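Chemist:
Protein chains: 2
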Amino acid sequence: MTMQSLEDVRRAFKPNLPAVLTAKHHTVAETSRVVSVTTSIRSSFPSTSNMPFIRFEAGEGSDAVRPMRVGAVLSGGPAPGGHNVITGLYDSLKAFHPESRLYGFLNGPSGIVSNDHLLLDDETIARYRNQGGFDMLGSGRTKLETAEQFERVNATAKELELDGIVVIGGDDSNTNAAVMAEWFAANGSPLRVIGVPKTIDGDLKNEDIEVSFGFHTATRLYSELIGNVMKDARSGRKYWHFIRLMGRAASHVTLECALATHPNVVLISEEIFAKNQSLKDIVAYLADVVVARADKGKNYGVVVFPEGIVDNVPMLRSLIEELNDVTTGMDTASPALVTERLAPQSAETYTSLPDVVQEQLLLDRDSHGNIQISRIETEKLLIELLQRELEDRRDYKGSFDPMAHFFGYEGRAGLPSNFDCTYCYGLGVTASALVRGGHTGVMSALKGLHLPAEQWTPLGVPIVSMMHEEIRHGVPKPVIEKALVDLCGANFKRLEAERQAWEVEDKFVCAGPLQFEGATADYAPISVLIDSGCL
Amino acid sequence: MTMQSLEDVRRAFKPNLPAVLTAKHHTVAETSRVVSVTTSIRSSFPSTSNMPFIRFEAGEGSDAVRPMRVGAVLSGGPAPGGHNVITGLYDSLKAFHPESRLYGFLNGPSGIVSNDHLLLDDETIARYRNQGGFDMLGSGRTKLETAEQFERVNATAKELELDGIVVIGGDDSNTNAAVMAEWFAANGSPLRVIGVPKTIDGDLKNEDIEVSFGFHTATRLYSELIGNVMKDARSGRKYWHFIRLMGRAASHVTLECALATHPNVVLISEEIFAKNQSLKDIVAYLADVVVARADKGKNYGVVVFPEGIVDNVPMLRSLIEELNDVTTGMDTASPALVTERLAPQSAETYTSLPDVVQEQLLLDRDSHGNIQISRIETEKLLIELLQRELEDRRDYKGSFDPMAHFFGYEGRAGLPSNFDCTYCYGLGVTASALVRGGHTGVMSALKGLHLPAEQWTPLGVPIVSMMHEEIRHGVPKPVIEKALVDLCGANFKRLEAERQAWEVEDKFVCAGPLQFEGATADYAPISVLIDSGCL
Numbered sequence: 001m002t003m004q005s006l007e008d009v010r011r012a013f014k015p016n017l018p019a020v021l022t023a024k025h026h027t028v029a030e031t032s033r034v035v036s037v038t039t040s041i042r043s044s045f046p047s048t049s050n051m052p053f054i055r056f057e058a059g060e061g062s063d064a065v066r067p068m069r070v071g072a073v074l075s076g077g078p079a080p081g082g083h084n085v086i087t088g089l090y091d092s093l094k095a096f097h098p099e100s101r102l103y104g105f106l107n108g109p110s111g112i113v114s115n116d117h118l119l120l121d122d123e124t125i126a127r128y129r130n131q132g133g134f135d136m137l138g139s140g141r142t143k144l145e146t147a148e149q150f151e152r153v154n155a156t157a158k159e160l161e162l163d164g165i166v167v168i169g170g171d172d173s174n175t176n177a178a179v180m181a182e183w184f185a186a187n188g189s190p191l192r193v194i195g196v197p198k199t200i201d202g203d204l205k206n207e208d209i210e211v212s213f214g215f216h217t218a219t220r221l222y223s224e225l226i227g228n229v230m231k232d233a234r235s236g237r238k239y240w241h242f243i244r245l246m247g248r249a250a251s252h253v254t255l256e257c258a259l260a261t262h263p264n265v266v267l268i269s270e271e272i273f274a275k276n277q278s279l280k281d282i283v284a285y286l287a288d289v290v291v292a293r294a295d296k297g298k299n300y301g302v303v304v305f306p307e308g309i310v311d312n313v314p315m316l317r318s319l320i321e322e323l324n325d326v327t328t329g330m331d332t333a334s335p336a337l338v339t340e341r342l343a344p345q346s347a348e349t350y351t352s353l354p355d356v357v358q359e360q361l362l363l364d365r366d367s368h369g370n371i372q373i374s375r376i377e378t379e380k381l382l383i384e385l386l387q388r389e390l391e392d393r394r395d396y397k398g399s400f401d402p403m404a405h406f407f408g409y410e411g412r413a414g415l416p417s418n419f420d421c422t423y424c425y426g427l428g429v430t431a432s433a434l435v436r437g438g439h440t441g442v443m444s445a446l447k448g449l450h451l452p453a454e455q456w457t458p459l460g461v462p463i464v465s466m467m468h469e470e471i472r473h474g475v476p477k478p479v480i481e482k483a484l485v486d487l488c489g490a491n492f493k494r495l496e497a498e499r500q501a502w503e504v505e506d507k508f509v510c511a512g513p514l515q516f517e518g519a520t521a522d523y524a525p526i527s528v529l530i531d532s533g534c535l
Numbered sequence: 001m002t003m004q005s006l007e008d009v010r011r012a013f014k015p016n017l018p019a020v021l022t023a024k025h026h027t028v029a030e031t032s033r034v035v036s037v038t039t040s041i042r043s044s045f046p047s048t049s050n051m052p053f054i055r056f057e058a059g060e061g062s063d064a065v066r067p068m069r070v071g072a073v074l075s076g077g078p079a080p081g082g083h084n085v086i087t088g089l090y091d092s093l094k095a096f097h098p099e100s101r102l103y104g105f106l107n108g109p110s111g112i113v114s115n116d117h118l119l120l121d122d123e124t125i126a127r128y129r130n131q132g133g134f135d136m137l138g139s140g141r142t143k144l145e146t147a148e149q150f151e152r153v154n155a156t157a158k159e160l161e162l163d164g165i166v167v168i169g170g171d172d173s174n175t176n177a178a179v180m181a182e183w184f185a186a187n188g189s190p191l192r193v194i195g196v197p198k199t200i201d202g203d204l205k206n207e208d209i210e211v212s213f214g215f216h217t218a219t220r221l222y223s224e225l226i227g228n229v230m231k232d233a234r235s236g237r238k239y240w241h242f243i244r245l246m247g248r249a250a251s252h253v254t255l256e257c258a259l260a261t262h263p264n265v266v267l268i269s270e271e272i273f274a275k276n277q278s279l280k281d282i283v284a285y286l287a288d289v290v291v292a293r294a295d296k297g298k299n300y301g302v303v304v305f306p307e308g309i310v311d312n313v314p315m316l317r318s319l320i321e322e323l324n325d326v327t328t329g330m331d332t333a334s335p336a337l338v339t340e341r342l343a344p345q346s347a348e349t350y351t352s353l354p355d356v357v358q359e360q361l362l363l364d365r366d367s368h369g370n371i372q373i374s375r376i377e378t379e380k381l382l383i384e385l386l387q388r389e390l391e392d393r394r395d396y397k398g399s400f401d402p403m404a405h406f407f408g409y410e411g412r413a414g415l416p417s418n419f420d421c422t423y424c425y426g427l428g429v430t431a432s433a434l435v436r437g438g439h440t441g442v443m444s445a446l447k448g449l450h451l452p453a454e455q456w457t458p459l460g461v462p463i464v465s466m467m468h469e470e471i472r473h474g475v476p477k478p479v480i481e482k483a484l485v486d487l488c489g490a491n492f493k494r495l496e497a498e499r500q501a502w503e504v505e506d507k508f509v510c511a512g513p514l515q516f517e518g519a520t521a522d523y524a525p526i527s528v529l530i531d532s533g534c535l
């Protein structure tokens, strides 16, 4: 016998398109909707800060039907669905004119600079339909910001006679796309630059971008793993599991997974920061739940939190900032030496940390010499502090056997869900139409994601309209604002309303493996459904 | 809207049964097949060492149709499918006579001793159909071996008027089931004890037990995660992933996952032991592959291995034995102190290990004071040794950025695959028939698992026939022999034939999430298919 692989099965999946994109369609500038940006941002984008929102209409536009030439690039960490953006682009360009060409730049934005590309054909596209990963082209993190880089991008565009470049990436990559769009517009080039919202962290999100692609598939995998660990905990009844998830700035991943699985404790960075909680507060809360469960004979449980909590405990944040200063120029930083140099409050915070974390805070530096928060094993930090706290609790008679997990890289490159396949394919088709319509500096978007795909609304969103100013390396810079969890939003409110019931009672949900067929196959992310008010 | 949960969807799944079990059936002793056991084992099982193999026939047997009373117990770590053994038992007992009763003992074998049980009813059974985990009853690891325990088990059996007890567990639990069966037979009790082969490790396996239940679902999950990590590695092209999997004694999990996903390097404990490989040999091989891939511009890759490799490197095994001796009675064992006391060769091995592993070897002890191999982070050991080795390779110009993973607890309690649901349900129905037929000391089994379920052959296998003698705590003891990977078997041969092609070329397979519907939903484990010659 031969076994058909799931990869092969998935190649045959046909994503549905929004109705307006299924036949001839064209774009229309939506002049009625204007977003005002600050003078400072406007001055950074003199040629592109007034781009209109773009909507879609059925029927042929006024543009001549001629072959189009477009380049696509994958930027940053992989997210499930990236290949479908490209297949959507490809199919749409070819449907528009069979002589159209789609180039894939290799290994991220540096591939545009060096004109390292692959001319995509039917066979290559067929191989990657509905597949995970970014391996068709590879990815990279090179930032395009210097005039020299843009000159070389321009040379590539001329050599390939490109009409447009589609940048598939996260907030920083899309900021970059806007900068590139501005450069071309300012330099009189007709080249269009379109962004596509990718990131499993879910922090590229606003009124028009309901969710970034990849978020659904990644959180479904994490929810599967969390649900399995819950079942395991409840079967053996002897382990407390501490599960760290991705999300340094924002806790969307943790929130989505929590709403899907109902852990006993859920920590949300944004809440910790807003309530000015200390590590002590967090650990006291954890201990309260451990003790309450032990009183019911439950010496097991599941705690879920984002990697960013360390960065969001105000006291730790200032400690880390101080540590970065204090250790600059030190050849060998020892905990003892560092403690001497810290201000008294920071010194106290620092010495209260477990030895291993004190060491981690000194050892791992990024290329700028800064502490790498993501390398800190927060799960072990919480466990050790909690163990100490439980020893001090006289009323606690339970047993505490902790187990630490980090679910991260496993979720970035899986076979995309039907939702991500369909969403990304639609984003690709939308991006193609935006290039054909002559638009630049806009992001491909689809709205109404709680509805069936046929009813989604494609649009182009001016990237500059999403920007605010941030201090980066001491200089104010216009960048796309990272969307944090909205503590007044429907998703966090849902968590707030439900989580107390999860603490002592076991309301665990075993989410199970993502299904591509059957009753659950076409679900959208829970947070999208709650946001839309339909769940 | 309401979202139907996958747990709910799965509750409606109806496992197919082997044809002979679908209508009235009875058991027949297969007198022609005799397995001889050693005199010593025979003397341990005077009343049950000559139990025949049991086969099944359609049609009513000669036994009176009367209500049966059976107790079931879950033993050891959870494995997907355990609940279906119980639902199969329940349905079969009720179909035989509606007044039959199934008791579930709580929290493992200790629940039999203390008569802590749940009388199972339609509603409870419905809730757990095709669900993962062992949380319907909980599980435990108490061994039943003393006369006092057996007296209390006997009291429980009398109080509940049990006809039989079904023990759902691994090799040790099934050894225990045989000891219990012997005790009852020797004491003139009509109580029957039936075993059911559970373990995700896959090491309860022989001519009649083609695979233990739970193995398929667990390895499918690990294969999903490995496949995702592979896609991630190939997308970013900058990480080497080191993935430790479960399997201390045997490497079946690693072998199954490797055949499913094609990692660049696969380590198999049994091979390491057979070839008398040192850590140096293993690390040299890893370095060869890293260098060969770097030469092709591939500074990324995936290495998969079982947790048991440390225990199977002969030099490490003898070091660990010596360490256990040397540190006995030491209050505080420091690496320096220990090194002094070790024999020269062991001291050399010991000091060649990374500091963190030297410490781990001294810190973590089980309740007998022995080193806990499973706590040693083998992935970090390999990474550190490999880093040193690569520094010595003058021909190596690549970059090496390693990432460590352990996939274990996530896989023990997931929603069971169609294969495990169907297999376990059939094992439950078979166990019920074995109790009704008056058999004891046999294991419920199904053969021909590469065929559709309708064609599977149910049978009862005398547990004593699977035994050999092992020295446990200095005393020879008859136990079920753990099945190691057979280096002459079809599965390992397949790996041997293919793995070289996986080293430098990327033959990665993204296995994807386990599917319950569609073309791939009804697959059996790859190793079962290869063993049967049909793949």
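So the protein sequences, as listed, match chains B and P. Just so you know, we're using the UniProt record's numbering here: the first sequence kicks off at 1 and counts up by one. Just so you know, we're using the UniProt record's numbering here: the second sequence kicks off at 1 and counts up by one. All C-beta atoms in this analysis are idealised placements derived from N, C-alpha and C, irrespective of residue type, glycine included. Quantities reported herein were computed from a predicted structural model and do not represent experimental measurements.
(1) Please list, in chain order, the residues of the stretch 123-147 of chain P that have any C-beta partner in chain B closer than 8 Å.
(2) List the residues of chain P that residue 9/B touches, going by C-beta distances under 9 Å, in chain order.
(3) Going along chain P, which residues have a C-beta under 8 Å from residue 300/B?
(4) Where residue 323/P and residue 310/P are concerned, what is the direct C-alpha to C-alpha distance, given to the nearest angstrom?
(5) So residue 58/B is in the beta strand (DSSP E); what residue range does that whole segment cover?
(6) From residue 256/P to residue 222/B, what distance separates their C-alpha atoms?
(7) Nearest CA to the CA of residue 531/P: which residue from 511/P, 205/P, 328/P?
(8) Taking a cut of 8 Å between CB atoms, which residues from the stretch 414-433 of chain P lie near chain B?
(9) Out of 348/B, 37/B, 291/B, point me to the one whose CA is closest to residue 393/B's CA.
(10) Hey, residue 277/P and residue 313/P are a contact pair by Cβ (cut 8 Å); roughly how many whole angstroms apart?
(11) Just list the residues that DSSP pairs residue 460/B with in beta bridges.
(12) For the alpha helix (DSSP H) that residue 179/B lies in, which residues bound it at each end?
(13) Note the first and the last residue of the continuous beta strand (DSSP E) segment covering residue 539/B.
(14) Select from the stretch 489-502 of chain B all residues with a C-beta closer than 9 Å to any C-beta belonging to chain P, and list them in chain order.
(15) By the criterion of Cβ-Cβ separation under 7 Å, what are the contact partners of residue 534/B in chain P?
(16) Touching or not, the stretch 267-283 of chain P and the stretch 108-119 of chain B, by the rule of three or more beta carbon pairs under 8 Å?
(17) Assuming residue 28/P and residue 164/P form a contact by the criterion Cβ under 8 Å, report the distance between their Cβ atoms to the nearest whole angstrom.
(18) Considering Cα atoms alone, identify which of 161/B, 119/B, 304/B is closest to residue 225/B.
(19) Strictly below 7 Å CB to CB, what residues from chain P border residue 235/B?
(20) Which first and last residues belong to the beta strand (DSSP E) in which residue 104/P is found?
(21) Consider the Cβ of residue 245/B: report whether some Cβ of chain P lies at a distance smaller than 8 Å.
(22) At which residues does the alpha helix (DSSP H) containing residue 230/B begin and terminate?
(23) Would you mind stating whether residue 199/B and residue 170/B have Cβ atoms separated by less than 8 Å?
(24) Would the beta-carbon of residue 176/B fall within 8 Å of that of residue 166/B?
(25) Check each candidate in 521/B, 183/B, 483/B, 173/B and name the one with the smallest Cα separation from residue 201/B.
(26) On the three-state DSSP scale, how would you describe residue 211/P?
(27) According to DSSP, simplified to helix, strand and coil, what is residue 198/B?
(28) Counting contacts by CB-CB distance shorter than 8 Å, is residue 4/P in contact with chain B?
(29) On the CB-based measure, 16 or more other CB atoms within 10 Å of its CB, does residue 475/P come out buried or exposed?
(30) Buried or exposed, going by whether 16 or more other CB atoms sit within 10 Å of the CB of residue 243/P?
(31) Would the beta-carbon of residue 324/B be found less than 7 Å away from any heavy atom of the ligand COA?
(32) If we cut at 8 Å on Cβ distances, does residue 120/B have a partner in chain P?
Modeler: Checking against the coordinates, here is how it stands:
(1) 131, 132, 133, 134, 135, 138, 139
(2) Taking the first sequence and counting its residues from 1, the one referred to as residue 9/B is at position 9. What residue 9/B touches in chain P: 512, 515, 518, 519, 520.
(3) For the purposes of this step, residue 300/B is taken as residue 300 along the first sequence, with counting starting at 1. The contacting residues do not exist; residue 300/B stays about 10 Å from chain P at best.
(4) Position 323 of the second sequence, counted from the start, is the residue given in the question as residue 323/P. Position 310 of the second sequence, counted from the start, is the residue given in the question as residue 310/P. Rounded to the nearest angstrom, the two C-alpha atoms are 14 Å apart.
(5) Translated into the one-based positions of the first sequence, residue 58/B becomes position 58. From DSSP, the beta strand (DSSP E) with residue 58/B extends over 53-58.
(6) Locating residue 256/P in the second sequence gives position 256, where the first residue counts as 1. Locating residue 222/B in the first sequence gives position 222, where the first residue counts as 1. In a straight line, the C-alpha of residue 256/P is about 23 Å away from that of residue 222/B.
(7) Taking the second sequence and counting its residues from 1, one reaches residue 531/P at position 531. Among 511/P, 205/P, 328/P, the Cα nearest to that of residue 531/P belongs to 205/P.
(8) 414, 415
(9) For the purposes of this step, residue 393/B is taken as residue 393 along the first sequence, with counting starting at 1. Sorting 348/B, 37/B, 291/B by C-alpha distance to the C-alpha of residue 393/B places 291/B at the top.
(10) Translated into positions along the second sequence, residue 277/P becomes position 277. Translated into positions along the second sequence, residue 313/P becomes position 313. Their Cβ separation, rounded to whole angstroms, is 7 Å, which keeps residue 277/P and residue 313/P in contact under 8 Å.
(11) Locating residue 460/B in the first sequence gives position 460, where the first residue counts as 1. Looking at the DSSP assignment, residue 460/B forms a beta bridge with 54/B, 444/B.
(12) Within the first sequence, the letter at position 179 stands for residue 179/B. Element bounds for residue 179/B: 171-186.
(13) As shown, chain B starts at 1 and ends at 535. That puts residue 539/B outside it, with no answer to give.
(14) none
(15) Within the first sequence, residue 534/B is the residue found at index 534, counting from 1. Ordered by position in chain P, the residues that pass the 7 Å Cβ test against residue 534/B are 1.
(16) no
(17) The count along the second sequence starts at 1 and reaches residue 28/P at position 28. The count along the second sequence starts at 1 and reaches residue 164/P at position 164. 18 Å between Cβ atoms; not a contact.
(18) One-based indexing of the first sequence puts residue 225/B at position 225. When C-alpha distances from residue 225/B are compared across 161/B, 119/B, 304/B, the shortest belongs to 304/B.
(19) Position 235 of the first sequence, counting from 1, holds the residue named residue 235/B. Within 7 Å Cβ-Cβ: 78, 133, 134, 135, 138, 139, 413.
(20) Within the second sequence, residue 104/P is the residue found at index 104, counting from 1. Where residue 104/P is concerned, the enclosing beta strand (DSSP E) stretches over 101-105.
(21) For this step, residue 245/B is matched to residue 245 along the first sequence. False, the Cβ-Cβ gap to chain P never drops below 8 Å.
(22) For the purposes of this step, residue 230/B is taken as residue 230 along the first sequence, with counting starting at 1. Run containing residue 230/B: 215-236, per the alpha helix (DSSP H) assignment.
(23) In the first sequence, the residue the question calls residue 199/B occupies position 199. In the first sequence, the residue the question calls residue 170/B occupies position 170. It is a contact, given that the beta carbons lie within the stated cut-off.
(24) Reading the first sequence from its first residue, position 176 is the one you call residue 176/B. Reading the first sequence from its first residue, position 166 is the one you call residue 166/B. No; because the gap between Cβ atoms is not below 8 Å, this pair is not in contact.
(25) Taking the first residue of the first sequence as 1, we reach residue 201/B at position 201. Out of 521/B, 183/B, 483/B, 173/B, 483/B has the C-alpha closest to the C-alpha of residue 201/B.
(26) Here the question's residue 211/P lines up with position 211 in the second sequence. Residue state, collapsed to three classes: coil.
(27) Position 198 of the first sequence, counted from the start, is the residue given in the question as residue 198/B. Strand, per DSSP.
(28) As a working mapping, residue 4/P is identified with position 4 in the second sequence. So yes, residue 4/P belongs to the interface.
(29) Translated into positions along the second sequence, residue 475/P becomes position 475. Exposed, since its Cβ has fewer than 16 Cβ neighbours within 10 Å.
(30) By 1-based counting over the second sequence, the position of residue 243/P is 243. The residue in question, residue 243/P, is buried, as its Cβ has 16 or more Cβ neighbours within 10 Å.
(31) The ligand COA is not part of the structure shown, which contains no ligands of any sort.
(32) Counted from its first residue, the first sequence places residue 120/B at position 120. Not closer than 8 Å to any Cβ of chain P, the Cβ of residue 120/B fails to qualify, so no.
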